[in-house]
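Visitor:
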Amino acid sequence: MVIAQQPENKSQQPRTVAELIEDIQALTTEIQQLYCLDEIPWVVGYSGGKDSTCVLQLVWNAIAALPPSKRTKTIHVITTDTLVENPYVSLWVRNSLKQMKLAAQEQKLPFEPHLLQPEFKETFWVGLIGKGYPAPKGKFRWCTERLKIKPSNRFIREVIRDNGEAILVLGTRKAESTMRASRMKQWEAKRVREHLSPNMNLPNSLVYSPIEDWRNDEVWIYLMQWENPWGYSNKDLFAMYRGASADNECPLVVDTSTPSCGSSRFGCWVCTLVSQDKSMAAMIQNDEEKEWLQPLLDFRKELDAPTNRDRRDFRRRNGDVQLYERNFDETISIEPIPGPYIKEAREDWLRKLLQLQQQLRSTAPENMRDITLITIEELSEIRRIWLEERHEFDDSLPRIYKEVTGEEFQDPRPGADYSLLGSDEWAVLEEICEGDTMHLELMAKLLDTERQFRKKARRTGIYDALEKCFETSSRSPEEAVKNAYLKRDLKLAVNQGDVAKVKQLSLGDVGKEEITEASSAAKPKTWTSMKFQNRETTS
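If you're matching positions, the sequence shown starts at 34 in my numbering and goes up one per residue.
1. My guess is that Phe144 and Trp93 are in contact by the Cβ rule of under 8 Å, so how many angstroms apart are they, rounded?
2. Which whole-angstrom value describes the C-beta separation of Asp428 and Ser452, a residue pair presumed to lie in contact below a C-beta threshold of 8 Å?
3. Taking Val202 as the reference, give the member of Gln90, Glu483 and Tyr518 with the closest Cα.
4. Tell whether a beta-carbon distance below 8 Å holds between Leu387 and Thr438.
5. From Glu464 to Gly78, what distance separates their C-alpha atoms?
6. Taking the alpha-carbon positions, what's the Arg384 to Glu363 distance?
7. Does at least one heavy atom of the ligand NAD sit under 7 Å from the Cβ of Pro120?
8. DSSP state of Asn261, grouped into three classes?
9. When we look at the beta-carbon of Met313 and count the other beta-carbons within 10 Å, is it buried (16 or more) or exposed?
10. Give a yes or no on whether the C-beta atoms belonging to Trp302 and Val117 are separated by under 8 Å.
11. Under the three-state reduction of DSSP, which class applies to Val110: helix, strand or coil?
12. Classify Leu135 as buried or exposed, calling it buried when 16 or more other Cβ atoms lie within 10 Å of its own Cβ.
13. For Lys576, which residues does DSSP report across the bridge?
14. Using a Cβ-Cβ cut-off of 6 Å (strictly less than) and excluding sequence neighbours within five positions of Thr289, which residues of its own chain qualify?
15. If Glu245 sits next to Lys207, beta carbons under 8 Å apart, how far is it from one beta carbon to the other, in whole angstroms?
16. To the nearest angstrom, how far is it from the Cα of Tyr121 to the Cα of Arg521?
17. With a threshold of 16 other CB atoms inside 10 Å of the CB of Pro262, please say whether the residue is buried or exposed.
18. Compare the beta carbon distance of Ile404 and Leu393 with 8 Å and say whether it is the shorter of the two.
19. Going along the chain, which residues of its own chain have a beta-carbon closer than 6 Å to the beta-carbon of Gly165, five neighbours each way excluded?
20. Mind the definition here: the segment 186-195 touches the segment 158-174 only if three or more C-beta pairs lie below 8 Å; say whether that holds.
21. Need the endpoints of the beta strand (DSSP E) that Arg402 sits in, please.
22. For Tyr255 and Trp158, what's the separation of their Cα atoms in angstroms?
23. Assign Cys301 to one of three DSSP states: helix, strand, or coil.
24. Report back the beta-carbon spacing between Pro74 and Thr107 to the nearest angstrom; my notes put them in contact at under 8 Å.
25. Excluding the five sequence neighbours on either side, which residues of its own chain have a C-beta within less than 6 Å of the C-beta of Asp346, listed in chain order?
26. Residues bridged to Ile365 by DSSP?
27. Which term fits Ser266, buried or exposed, when burial requires 16 or more other beta carbons within 10 angstroms of its beta carbon?
28. Consult DSSP for Gly78 and reduce its assignment to one of helix, strand or coil.
29. Under three-state DSSP, which class holds Val50?
30. Using C-beta distances below 6 Å, list every residue in its chain close to Val126, excluding the 5 sequence neighbours before and after it, in chain order.
31. Closest to Pro167 by CA distance: which of His424, Ala526 and Leu306 is it?
32. Spell out the partners DSSP gives Tyr241 in its beta bridges.
33. Which ranges does the beta strand (DSSP E) cover as unbroken runs of at least 3 residues, wholly within the segment 414-455, from first to last along the chain?
34. With respect to the beta strand (DSSP E) encompassing Phe144, which residues constitute its N-terminal and C-terminal limits?
35. By the 10 Å Cβ neighbour count, where 16 or more other Cβ atoms means buried, how is Asn119 classified, buried or exposed?
36. Run the CB neighbour count on Ser215, radius 10 Å, all protein chains shown included, and call it buried at 16 or more, exposed below.
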């Protein structure tokens with residue numbers, strides 16, 4: 034008797050192939066019964082990897098075996114493209130969806146493929162280059178929710194809103210990880226029926242996981258022995274896996290318990306949640322035709338370089354200096370939390386990314402010469418952030434784009450090229466400020482804030498906005514950091530009831546507003562109130 038070898042979970046007894054076939058037949062019946070039970074639409078999560086391909090193939094074959102009169106309920110097949118996927122995996126999935134759509138129409142089946150993407154305001158490059166977020170780390174994993182969870186959940190919510198309910202079909206398996214197995218056991222306690230559990234993250238939806246108890250070998254046996262029903266090659270899928278490392282695929286992510294792309298088989302090429310991209314490195318090593326991907330690995334390594342800490346602001350994005358306890362080489366120190374990338378660093382990342390895109394378009398295989406690392410829409414949003422939120426009215430993005438590509442930047446945003454301030458005014462400011470970056474930043478913020486309010490019918494809030502400019506940019510880095518330490522010490526003294534310490538600190542360099550903030554004793558002085566204090570007194 035042939036045994037399906039499954040070494041990844043020793044506690045589970047291996048099944049014979051005959052037993053696997055019996056399970057497939059039972060699942061086929063179960064899928065058909067569940068599908069015909071009601072009018073609740075299905076949403077199948079498809080990442081293009083082995084597990085999601087397996088579960089979609091099971092569902093497809095089961096529905097195809099039903100009489101045409103019973104194939105009345107739409108089955109949505111969703112794939113999330115983060116826009117920073119491994120290029121080969123991205124191409125594989127896109128072509129698979131196209132083939133799937135044609136096959137569904139030819140076979141008169143109710144499958145509708147959807148390629149989802151994050152909103153342009155939430156893409157990876159808008160976060161890193163536009164807002165200046167550092168490359169994701171375990172303690173600041175800002176990418177997963179924006180790039181994967183939100184697009185899929187947004188689609189599922191729309192289905193629920195239109196139909197009242199939805200069933201999410203996933204290829205999740207307990208053998209993926211200990212964490213996944215534990216999570217799925219929690220779902221089992223609240224099960225509606227076999228393989229059907231409540232979705233803890235989306236109300237009015239259920240999660241159907243038909244292959245939850247399958248082993249790794251069983252997935253491959255099924256994919257190799259049962260032909261792909263929408264005409265795509267499972268053997269090519271196996272070859273793609275064989276050409277890379279032995280981890281799991283990057284799954285459709287619908288909650289934070291799903292294994293991140295950082296520990297998965299195929300993930301984002303920019304991922305810095307792991308020390309290296311093993312799958313892409315293996316692709317390059319195993320296939321000479323994929324050596325053109327090497328610059329992507331080099332760029333990712335540069336994103337993860339520890340020296341990038343020196344290219345970040347000493348303040349958070351809101352302008353505050355926040356302190357934290359840092360343990361470096363077993364030496365504990367209190368230091369400012371590094372903030373977003375500074376202007377020069379963000380411009381440098383943009384220039385290097387565009388140069389990388391130009392390079393790959395000349396070295397990639399013929400069928401991938403149109404590779405796009407960053408879209409025009411993303412560039413437009415980055416430009417908007419730099420101009421409107423960062424007040425960098427020198428408008429450097431079009432200049433950088435032309436320097437690298439040789440083409441004029443065509444911004445799709447209406448009115449994007451209209452501005453009262455520009456590079457000439459910025460150059461004058463730089464000359465006036467004589468290298469004082471904080472002075473330059475303050476003047477730029479004040480001028481651009483006035484410009485933004487000039488376009489409004491009512492200028493309500495302008496004084497608060499101008500005051501915010503002074504709060505965040507009027508101190509030198511040394512003064513701002515020193516003030517943060519004093520505020521911290523004062524807060525500790527207030528909490529401890531140390532009156533003498535409070536008096537000592539209040540006579541130092543801490544302003545009255547900082548003392549008030551720590552003790553909450555009175556309304557703090559502001560730039561606006563000081564400017565108009567005589568008027569307030571008179572009234």
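Glycine included, each C-beta is placed from N, C-alpha and C at the ideal position.
Guide: Concretely, from the data shown:
1. 7 Å
2. 7 Å
3. Gln90
4. yes
5. 56 Å
6. 37 Å
7. By its list of ligands, the structure shown contains no ligand whatsoever, and the ligand NAD lies outside what it can speak to.
8. coil
9. buried
10. yes
11. strand
12. exposed
13. What the structure shows of the chain is the stretch from 34 to 572, and residue 576 is not part of that stretch, so it cannot be assessed.
14. Model confidence at Thr289 stands at a pLDDT of 45, short of 50, so the residue's coordinates are unreliable; what they give is reported in the following sentence. Nothing listed; no residue qualifies.
15. 6 Å
16. 51 Å
17. buried
18. yes
19. Pro373, Tyr374 and Arg379
20. no
21. Arg402 -> no beta strand (DSSP E), and no H or E assigned at all.
22. 39 Å
23. strand
24. 5 Å
25. Gly372, Pro373 and Ile375
26. Asn360
27. exposed
28. strand
29. helix
30. Gly81 and Thr112
31. Leu306
32. Val202 and Leu229
33. none
34. Phe144 to Leu149
35. buried
36. exposed
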